[in-house]
Structure formats: C-alpha cells, structure tokens
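What follows is one structure encoded as structure tokens, with my remarks underneath.
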Amino acid sequence: LEAKRNALCEGLALAGLMPIVPQGGYFVMADTTRLPIEAQPQRDVKVNEWLTLERGVTGIPTSYFYSAENMHLADNTLRFAYCKTDEEIEKAIAALKSHASP
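In terms of the working numbering, the sequence shown opens at residue 1412 and continues consecutively.
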C-alpha cells in the first residue's frame, strides 16, 4: 500500500491539494485551501462536489467526523482512500494531473 499512498499523494500535490502523508492506514488527508472554492460552512462538502464534477475524483468530506460545534475545523480538508486497485489510483492521478489547479 505504500506505493499506492505515495502515488496518490503525488497526484494530489500536483493538483494543488497538499497531502498530509500518513505512516499507515488506508486514507490520506489533503489540505484543499488552494482550490477556488469560497469559505463557507462545510466548505469540505462543496470542495468534494466540485472535485467530483470538475475533476472526476471524489474524496470524503471530513466535517462529518466532527461534532456540530467543531465542523468548521474540517473546512479545508478532504480524505482520500488509497485502498483501491492500481488502475483506479492511476485513473484518479491522471484526472488530477490533467486538470491541475491554477
């Protein structure tokens, strides 16, 4: 899984999503601050919708893991799974690289 994690992190970084590289597990968190989505409550949900529609890559909004009073702490993060097939990861990386953010 380390190679899959590293490949996904590289693709995320090239798309302007700064990965928070884990030591293990199945998920990578990424900072979405550089993406062109305005600040708003549950921004992570809006960023995920935008990524899905515009880039064809879907993450997991992290605000759902927080209590209502702390959801704002997740506004600029998304979670991405790398427990996927090599083909799925390569497809996601290609989509992210071909549509790198300005």
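Cβ coordinates follow ideal geometry from the N, Cα and C atoms, glycine included.
Starting from residue i and walking both ways along the alpha helix (DSSP H), at which residues does that stretch end?
{"i": "Asp1455", "result": "1454–1461"}
{"i": "Ile1526", "result": "Not covered by the structure: residue 1526. The range shown for the chain is 1412 to 1513."}
DSSP has residue i in a bridge; who is on the other side?
{"i": "Thr1488", "result": "Asp1442"}
{"i": "Ile1471", "result": "Arg1490"}
Which one of the options has the shortest CA to CA distance from residue i?
{"i": "Glu1480", "options": "Ser1509, Thr1463, Leu1412, Pro1452", "result": "Pro1452"}
{"i": "Pro1430", "options": "Arg1466, Ala1506, Gly1470, Glu1449", "result": "Gly1470"}
{"i": "Asn1487", "options": "Pro1447, Glu1499, Glu1421", "result": "Pro1447"}
{"i": "Glu1501", "options": "Asp1455, Gly1422, Ser1474", "result": "Gly1422"}
Original post:
Does the region 1480–1499 come close enough to the region 1432–1439 that 3 or more CB-CB pairs lie under 8 Å?
Top reply: Yes, the region 1432–1439 is in contact with the region 1480–1499.
**OP:** Spell out a yes or no on whether the region 1420–1429 and the region 1439–1447 are touching, meaning 3 or more CB-CB pairs, one atom from each, closer than 8 Å.
**Re:** Enough Cβ pairs lie closer than 8 Å, so yes.
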